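> My questions will all concern the structure given below.
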Amino acid sequence: MENAPGWDTPMWHTTGFRLIKLGELVQATTSAVFGPQQITSRQFHVLSAAEAMPHLSQKELSRVLGVDPNVMVGLIDDLEEQGLARRERNPRDRRRYIVTPTDKARTLLGEARDAVARAESEFFATLSGSEVALLHELSGRLLTEHPRLTKYE
(Lines of atoms letter the chains of each structure in order from A and count residues from 1; the text may use other names and numbers.)
(Lines give C-alpha, C1' and ligand atoms only; values in the text may rest on other atoms or scores of the structure.)
Protein backbone atom coordinates (compact mmCIF):
# COMPACT_ATOMS: atom_id res chain seq x y z
CA MET A 1 0.00 0.00 0.00
CA GLU A 2 1.32 3.41 -0.92
CA ASN A 3 0.98 6.44 1.29
CA ALA A 4 -2.61 6.91 2.35
CA PRO A 5 -4.12 10.40 2.31
CA GLY A 6 -3.10 12.23 5.46
CA TRP A 7 -0.27 9.79 6.22
CA ASP A 8 2.25 10.96 3.62
CA THR A 9 5.33 10.63 5.81
CA PRO A 10 8.53 8.61 5.45
CA MET A 11 7.56 6.61 8.55
CA TRP A 12 4.37 5.34 6.87
CA HIS A 13 6.45 2.55 5.34
CA THR A 14 7.50 1.10 8.69
CA THR A 15 5.32 -1.45 10.43
CA GLY A 16 6.28 -0.17 13.87
CA PHE A 17 5.03 3.33 13.02
CA ARG A 18 1.73 1.90 11.82
CA LEU A 19 1.36 -0.14 15.01
CA ILE A 20 2.06 2.94 17.14
CA LYS A 21 -0.54 4.95 15.24
CA LEU A 22 -3.08 2.13 15.49
CA GLY A 23 -2.39 1.91 19.23
CA GLU A 24 -3.03 5.64 19.56
CA LEU A 25 -6.29 5.35 17.61
CA VAL A 26 -7.47 2.39 19.68
CA GLN A 27 -6.54 4.23 22.89
CA ALA A 28 -8.53 7.29 21.81
CA THR A 29 -11.49 5.10 20.84
CA THR A 30 -11.31 3.27 24.16
CA SER A 31 -11.15 6.51 26.12
CA ALA A 32 -14.31 7.69 24.39
CA VAL A 33 -16.04 4.37 25.15
CA PHE A 34 -15.25 4.55 28.86
CA GLY A 35 -16.36 8.16 29.25
CA PRO A 36 -20.00 7.31 30.07
CA GLN A 37 -18.84 4.71 32.60
CA GLN A 38 -16.63 7.35 34.24
CA ILE A 39 -13.60 5.07 34.33
CA THR A 40 -10.34 4.98 32.42
CA SER A 41 -9.11 2.16 30.22
CA ARG A 42 -6.48 1.40 32.86
CA GLN A 43 -9.13 1.15 35.59
CA PHE A 44 -11.17 -1.13 33.33
CA HIS A 45 -8.08 -3.31 32.83
CA VAL A 46 -7.48 -3.55 36.59
CA LEU A 47 -11.12 -4.32 37.40
CA SER A 48 -11.36 -6.92 34.62
CA ALA A 49 -8.21 -8.66 35.83
CA ALA A 50 -9.32 -8.54 39.48
CA GLU A 51 -12.64 -10.10 38.50
CA ALA A 52 -11.05 -12.79 36.31
CA MET A 53 -8.23 -13.60 38.74
CA PRO A 54 -9.78 -13.12 42.19
CA HIS A 55 -6.92 -14.84 44.00
CA LEU A 56 -4.26 -12.28 43.01
CA SER A 57 -2.89 -9.84 45.53
CA GLN A 58 -2.55 -6.16 44.74
CA LYS A 59 1.17 -6.72 44.15
CA GLU A 60 0.53 -9.70 41.87
CA LEU A 61 -2.03 -7.71 39.89
CA SER A 62 0.59 -5.03 39.45
CA ARG A 63 3.07 -7.56 38.09
CA VAL A 64 0.60 -9.36 35.82
CA LEU A 65 -0.69 -6.12 34.30
CA GLY A 66 2.72 -4.50 34.04
CA VAL A 67 1.70 -1.52 36.18
CA ASP A 68 4.18 0.06 38.57
CA PRO A 69 3.22 -0.96 42.15
CA ASN A 70 3.06 2.69 43.25
CA VAL A 71 0.75 3.53 40.34
CA MET A 72 -1.38 0.49 41.20
CA VAL A 73 -1.88 1.80 44.74
CA GLY A 74 -3.28 5.04 43.34
CA LEU A 75 -5.45 3.23 40.81
CA ILE A 76 -7.00 1.06 43.49
CA ASP A 77 -7.40 4.05 45.83
CA ASP A 78 -9.39 5.77 43.07
CA LEU A 79 -11.46 2.64 42.41
CA GLU A 80 -12.25 2.39 46.14
CA GLU A 81 -13.30 6.07 46.25
CA GLN A 82 -15.65 5.41 43.32
CA GLY A 83 -17.12 2.39 45.10
CA LEU A 84 -15.80 0.04 42.40
CA ALA A 85 -13.26 -2.01 44.35
CA ARG A 86 -12.25 -2.93 47.85
CA ARG A 87 -9.11 -4.33 49.35
CA GLU A 88 -9.58 -7.45 51.41
CA ARG A 89 -7.00 -9.25 53.48
CA ASN A 90 -5.86 -12.49 51.92
CA PRO A 91 -7.04 -15.20 54.34
CA ARG A 92 -3.94 -17.27 53.54
CA ASP A 93 -1.47 -14.41 53.94
CA ARG A 94 -2.62 -11.53 56.14
CA ARG A 95 0.20 -9.32 54.83
CA ARG A 96 -1.37 -9.21 51.37
CA TYR A 97 -4.50 -7.59 50.04
CA ILE A 98 -6.74 -9.03 47.36
CA VAL A 99 -8.49 -6.49 45.15
CA THR A 100 -12.16 -7.33 44.76
CA PRO A 101 -14.56 -5.59 42.37
CA THR A 102 -17.81 -4.48 44.00
CA ASP A 103 -21.27 -5.33 42.66
CA LYS A 104 -21.37 -1.82 41.19
CA ALA A 105 -18.11 -2.59 39.35
CA ARG A 106 -19.41 -5.91 38.03
CA THR A 107 -22.42 -4.12 36.52
CA LEU A 108 -20.18 -1.44 35.08
CA LEU A 109 -17.80 -4.07 33.65
CA GLY A 110 -20.66 -5.74 31.80
CA GLU A 111 -21.74 -2.42 30.30
CA ALA A 112 -18.16 -1.48 29.46
CA ARG A 113 -17.44 -4.84 27.80
CA ASP A 114 -20.50 -4.39 25.60
CA ALA A 115 -19.37 -0.87 24.69
CA VAL A 116 -15.85 -2.11 23.89
CA ALA A 117 -17.23 -4.90 21.69
CA ARG A 118 -19.33 -2.36 19.74
CA ALA A 119 -16.38 0.02 19.40
CA GLU A 120 -14.07 -2.77 18.22
CA SER A 121 -16.67 -3.92 15.72
CA GLU A 122 -16.88 -0.39 14.30
CA PHE A 123 -13.11 0.14 14.41
CA PHE A 124 -12.34 -3.08 12.52
CA ALA A 125 -15.36 -2.88 10.18
CA THR A 126 -13.18 -2.46 7.09
CA LEU A 127 -11.51 -5.83 7.76
CA SER A 128 -13.06 -9.23 7.19
CA GLY A 129 -13.61 -11.57 10.11
CA SER A 130 -10.63 -13.68 9.05
CA GLU A 131 -8.44 -10.57 8.78
CA VAL A 132 -9.41 -9.50 12.29
CA ALA A 133 -8.67 -13.02 13.55
CA LEU A 134 -5.27 -12.98 11.81
CA LEU A 135 -4.43 -9.55 13.25
CA HIS A 136 -5.41 -10.83 16.70
CA GLU A 137 -3.27 -13.95 16.29
CA LEU A 138 -0.22 -12.10 14.96
CA SER A 139 -0.36 -9.33 17.56
CA GLY A 140 -0.73 -11.92 20.32
CA ARG A 141 2.25 -13.85 19.02
CA LEU A 142 4.43 -10.73 18.91
CA LEU A 143 3.38 -9.69 22.41
CA THR A 144 4.17 -13.11 23.88
CA GLU A 145 7.42 -13.64 21.97
CA HIS A 146 9.02 -10.33 22.89
CA PRO A 147 9.81 -9.47 26.50
CA ARG A 148 8.68 -6.11 27.78
CA LEU A 149 11.26 -3.47 27.12
CA THR A 150 10.19 -1.60 30.21
CA LYS A 151 9.39 -3.01 33.60
CA TYR A 152 5.94 -1.45 33.75
CA GLU A 153 3.39 -0.05 31.32
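If you read the sequence shown in the working numbering, its first letter stands for residue 117, the second for the next number, and so on. Glycine included, each C-beta is placed from N, C-alpha and C at the ideal position. If you're wondering where the values come from, they're calculated on a predicted model, not measured in any experiment.
Going by C-alpha to C-alpha distance, which of GLN198, LEU195, ILE214 and GLU196 sits closest to GLU204?
Ranking the options by Cα distance to GLU204, first place goes to ILE214.
> What's the gap between the Cα of THR156 and the Cα of GLY226?
Distance between the alpha carbons of THR156 and GLY226 is about 15 Å.
> Quick one: what's THR216 bridged to in DSSP?
Its beta-bridge partners are ARG202.
> For GLN143, count neighbouring Cβ atoms within 10 angstroms of its own Cβ and tell me buried if that reaches 16, exposed if not.
Under this definition GLN143 is an exposed residue.
> With a threshold of 6 Å on Cβ separation, who are the neighbours of SER178 within its own chain once the five nearest residues in sequence on each side are excluded?
Cβ within range, chain order: PRO185 and MET188.
> With 16 as the cutoff for other CB atoms within 10 Å, does ILE136 come out buried or exposed?
ILE136 comes out exposed.
> If you run the structure through DSSP and keep just helix, strand and coil, what is ASP194?
If DSSP states are grouped into helix, strand and coil, ASP194 belongs with the helices.
> Taking the continuous alpha helix (DSSP H) assigned at GLN153, which residues delimit it?
Neither: GLN153 is in no alpha helix (DSSP H) and is coded neither H nor E.
> Look at the Cβ atom of ARG202, then the Cβ atom of THR216, and state whether they are nearer than 8 Å.
In contact: ARG202 and THR216 (Cβ atoms closer than 8 Å).
> Based on Cα-Cα distance, which residue from PHE240, GLN174 and THR260 lies nearest to ARG210?
For ARG210, the nearest C-alpha among the options comes from GLN174.
> Could you pull the start and end residues of the alpha helix (DSSP H) that ARG179 belongs to?
Unbroken alpha helix (DSSP H) run through ARG179: 174 to 181.
> Decide if VAL180 is buried, meaning its Cβ has at least 16 other Cβ atoms within 10 Å, or exposed.
Exposed: under 16 other Cβ atoms inside 10 Å.
> With HIS252 as the anchor, note down where its alpha helix (DSSP H) starts and where it stops.
It spans 245 to 261 - the alpha helix (DSSP H) in which HIS252 sits, taken as one unbroken run.
> Helix, strand or coil, according to DSSP, for ASP184 in the structure here?
Correct three-state label for ASP184: coil.
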